[in-house]
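>
Chains as they are written, first to last, in the working numbering: chain G, 1 to 156; chain F, 157 to 611.
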C-alpha cells in the first residue's frame, strides 16, 4: 500500500537557507517545483532550474496574521480561485446576463464569482475569502477542467 | 458513399498505455478523441495529444477514472457520443455500461446484460456448459449413494479428483483423492465432515487440476451475428494472479484442439448475443480445457493476438460499436508465427516494491518484429496512485525461438533510468530452461522466484 505523504500546514515562511535546502531536495527528486497553500490562502511556490522571477525574495514578504494582512502586500499573495468541477464557464448570470464578479469588484467569502455549466447542471464557483477580483484567467463559455484557475483574487 | 457513422468523437475513459493505444485506433478510423484525466496525469502523452482534454478530478482514481457520473457528464460537455472504457477501472462495470447507454452514449463494449451474466461465476459457468464450452469435468451434481456408482464416476472423470461439500467454501470441506483405492474412504470422511460443519452432507466431485496452464481464447463479435475467435494465448507466467509474460500461440497444444475450443466459445457468444471483444479464460492440463471465466473487455495482452493474426482488435471494437459488419471470416483467420509480450512495470524486479518517480532516461528498443506499447517518454513521471504498468514490449518471430531471441535483444537495448523496472526479471525468465522448453504451469513463476531467493 502506498500512503501518500502528507505535507503539514505551514504557518511561517521558510528562511533562505531552508529554501535552498528544499530546492536541493526538489532537484534531487527530479521535481521542478513545489507549491504549498494554507487555509488563509497564502501560497508558497518554489521552482528550481529556472532563472529567478523578478519578484522580491519570497522570504521578505510580510506574513499576514490574524486575518488582518497589510493592505498592499505583494501580488504573490494573490490567491487562485480554482474550478471545483469541470464544465463550461459562465461568468455571467444566465438569467440577468450580468457578470457575477467583474475584474476590480470586491467579493465576500462564499460569494458566487462564476458558474460551471455541465449539461443541464450548474455548479457555483465561490470566493474562498474576501477580496478584490484581480484578473479572470478564462473566457465565457470556455471548457474548464477540474482544478483550473478561473480568476485571481487579492485578499482583503 | 460510406455508411453514416454512429459517432465521430470518442471519450477514452482510461489512462496510461491503453489510453494512447485507443487514441491511435480512433485516429486511424478518423475519429476525434476526448481524454479525461486526473490532475496527476495532466502531462501524460495521450492527454497532450488528444483533440480535447478535460481534467475531471484529483489523482485519486475514485474521484477520476472510477467516477462514473463524472465520466458521463464529461462526455456530454465535450460532445463525445461514444465511450471506450479500456481495461480495468470501469470496463467491466455493468452499471456503468448501463448508465452510459441510458445517457444516449454508445458504450464500446458488450451489453450491460452480458457483463452482468459473465460477472457472476455461477451463471457464467452454467451458460458456458449449456453452450458446450468445456468446464472442469466432474459429477455435474450431487454424488450418487452407491459406492459402485461413485467409483465409476470418478474413473470416468479421471484421477486425481477433488471431493467437495456442496455447502462448503473457502477451502474447507474438500479433499483431493489421488487413486481409486482411497476414494470411498475419502468420500465417507468428507461427507461426515460436511454434515458436521455445514449441516449438509451433499458432495460433488471434480477433476483436480494440479499443474494447469492458463490458456485463453480471444473472440470478436459484431451486431449482425458474426462471431470470430482469434486464436489462443498462454498466460501461465503469473505472480499473485498477475500476468507477467504472455505468448501466442500456446506452445505444445495442437491447433486442432484449440480450434475445437475456439468454436465452442464462438457458439457461446452467439447464444448470449455477445457484442464486441471478449476473452474466455481456461485452465488446461493434459489435454483438458476447463472454463474459468470470461473477461468482457479488451485485455492487456491483446497485442500478441494482433501480432499473430494481423487483426487490429481495438479498431475492430470501435467498428463493431459503429454497427459495422466484421470484414473478415473465420476461415481467413490464421495464427502466423509466434508473439511474446513482457509487461514492463515500474517496480523492483525481485522484491516487487513499486518504484514511482521521474523517468530521466528512456531508450526504447526497435528493429524487425519489435513493438512497444507505452505512454512513457523521457521526462515522464510514473505516478504512485495507479497500476505500475509502464510499457509492453512485444516481439514477433516466425518461430517461438526467433521471438525469444528478438525479445532478449530488445530488453537489453531498453535503458530506463531513475526508476526501477522489472526488465531484469524478464531477462532472467527468458533464460529459464523450463520457459525455453515452453508450457510451464501457473505455479511455475512463484516456485522459480522462491528457488531463486534461496540460492
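Even for Gly, the Cβ is constructed at its ideal location relative to N, Cα and C.
Is any beta-carbon of chain F found at less than 8 angstroms from that of residue 100/G?
With 8 angstroms as the cut-off, residue 100/G does not count as an interface residue toward chain F.
> Which residue from 367/F, 302/F, 336/F, 332/F puts its Cα closest to that of residue 312/F?
That would be 336/F, whose Cα lies nearest to the Cα of residue 312/F.
> Would residue 163/F pass as a contact of residue 284/F if the rule is Cβ separation under 8 angstroms?
In this structure, residue 284/F does not lie closer than 8 angstroms to residue 163/F by Cβ.
> If you draw a straight line from the alpha carbon of residue 367/F to that of residue 600/F, how long is it in whole angstroms?
Going by the C-alpha atoms only, they are around 9 angstroms apart.
> Return the residues of the segment 180-203 of chain F that lie within a Cβ-Cβ distance of less than 7 angstroms from chain G, sorted by chain order.
So the list reads 195, given in the order they occur along the chain.
> Which value, in whole angstroms, describes the spacing of the CA atoms of residue 171/G and residue 186/F?
Lying before the first or after the last residue shown, residue 171/G is absent from chain G, which here runs from 1 to 156.
> Give the secondary structure of residue 548/F by DSSP, where H, G and I count as helix, E and B as strand, and everything else as coil.
Note: residue 548/F maps to strand in three-state DSSP.
> Would you call the segment 316-332 of chain F and the segment 342-355 of chain F touching, i.e. three or more CB-CB distances under 8 angstroms?
Yes: the two stretches touch, three or more of their Cβ pairs being nearer than 8 angstroms.
> In the DSSP output, which residue or residues are listed as bridge partners for residue 189/F?
Residue 189/F is bridged to 166/F.
> Any Cβ of chain G within less than 8 angstroms of the Cβ of residue 175/F?
Judged by the 8 angstroms Cβ criterion, residue 175/F is not in contact with chain G.
> How far does the beta strand (DSSP E) with residue 176/F in it extend, from its first residue to its last?
That residue, residue 176/F, is in no beta strand (DSSP E); its alpha helix (DSSP H) goes 172-184.
> Which bits of chain G does residue 211/F rub up against, with CB to CB less than 8 angstroms?
Going along chain G in sequence order, the residues near residue 211/F (Cβ under 8 angstroms) are 86, 145, 146, 147, 148.
> Output, in chain order, the set of chain F residues within a Cβ distance shorter than 8 angstroms of residue 157/G.
A query on residue 157/G cannot be resolved here, the shown segment of chain G reaching from 1 to 156 and no further.
> Rounded to whole angstroms, what is the Cα-Cα separation between residue 552/F and residue 288/F?
For residue 552/F and residue 288/F, the distance between alpha carbons rounds to 33 angstroms.
> I need the straight-line Cα distance from residue 611/F to residue 587/F, nearest angstrom please.
Distance between the alpha carbons of residue 611/F and residue 587/F: 16 angstroms.
> Cα-Cα, which of 323/F, 194/F, 389/F, 204/F is closest to residue 213/F?
Out of 323/F, 194/F, 389/F, 204/F, 194/F has the C-alpha closest to the C-alpha of residue 213/F.
> Taking just the CA atoms, how far does residue 277/F sit from residue 623/F?
Since the first residue shown for chain F is 157 and the last is 611, residue 623/F is missing from the structure and cannot be characterised.
> Going by DSSP, name the residue or residues bridged to residue 591/F.
Answer by DSSP bridge pairing: none, since residue 591/F is not bridged.
> Let me check understanding here. Comparing Cα to Cα, which of 226/F, 263/F, 205/F lies closest to residue 479/F?
Closest by alpha carbon: 263/F.
> Would residue 108/G be called buried (16 or more neighbouring beta carbons within 10 Å of its own) or exposed?
Classification for residue 108/G: exposed.
> Measuring alpha carbon to alpha carbon, tell me which of 402/F, 382/F, 317/F ends up nearest residue 426/F.
Answer by Cα proximity: 382/F.
> Relative to the alpha-carbon of residue 486/F, which residue among 239/F, 391/F, 210/F, 416/F has its alpha-carbon at the smallest distance?
The residue with the shortest Cα to Cα distance from residue 486/F is 416/F.
> Considering residue 399/F, what are the terminal residues of the beta strand (DSSP E) in which it resides?
That run of the beta strand (DSSP E) goes 398-404.
> Going by the beta-carbon positions, is the gap between residue 399/F and residue 362/F smaller than 8 angstroms?
In this structure, residue 362/F does not lie closer than 8 angstroms to residue 399/F by Cβ.
> Under a Cβ-count criterion, where at least 16 other Cβ atoms within 10 Å of its own Cβ denotes burial, should residue 135/G be classed as buried or exposed?
Exposed: under 16 other Cβ atoms inside 10 Å.
> Determine, for residue 207/F, whether the minimum Cβ-Cβ distance to residues of chain G falls below 8 angstroms.
Not closer than 8 angstroms to any Cβ of chain G, the Cβ of residue 207/F fails to qualify, so no.
> Using DSSP with H/G/I as helix, E/B as strand and the rest coil, what is residue 481/F?
Here residue 481/F sits in coil by DSSP.
> Considering only the alpha carbon of each residue, which of 433/F, 499/F, 205/F lies closest to residue 477/F?
Selected option, being the one with the closest Cα: 433/F.
> Compute the distance between the beta-carbons of residue 128/G and residue 112/G, then report whether it is under 8 angstroms.
The answer is no: Cβ separation not under 8 angstroms.
> Could you tell me the alpha carbon to alpha carbon distance between residue 68/G and residue 500/F, rounded to whole angstroms?
Reliability of the predicted coordinates at residue 68/G is poor, the pLDDT of 38 falling under 50, and the value obtained from them is presented with this limitation in mind. In a straight line, the C-alpha of residue 68/G is about 54 angstroms away from that of residue 500/F.
> Taking the alpha carbon of residue 131/G as the point to measure from, which residue in 148/G, 155/G, 95/G has its own alpha carbon closest?
Here the closest residue by C-alpha is 155/G.
> Please state whether DSSP places residue 81/G in a helix, a strand or coil.
Of the three classes helix, strand and coil, the one that applies to residue 81/G here is strand, per DSSP.
> Among 188/F, 557/F, 391/F, 216/F, which has the Cα closest to the Cα of residue 237/F?
Of 188/F, 557/F, 391/F, 216/F, the residue nearest in Cα terms is 188/F.
> CB residue 298/F to CB residue 344/F, shorter than 8 angstroms?
Going by C-beta atoms, residue 298/F is not nearer than 8 angstroms to residue 344/F.
> Pairing CB atoms from the segment 378-393 of chain F with CB atoms from the segment 570-578 of chain F, are three or more of them under 8 angstroms?
Segments in contact, no.
> Should residue 203/F and residue 88/G be called a contact, given that it needs their Cβ atoms to be closer than 8 angstroms?
Going by C-beta atoms, residue 203/F is not nearer than 8 angstroms to residue 88/G.
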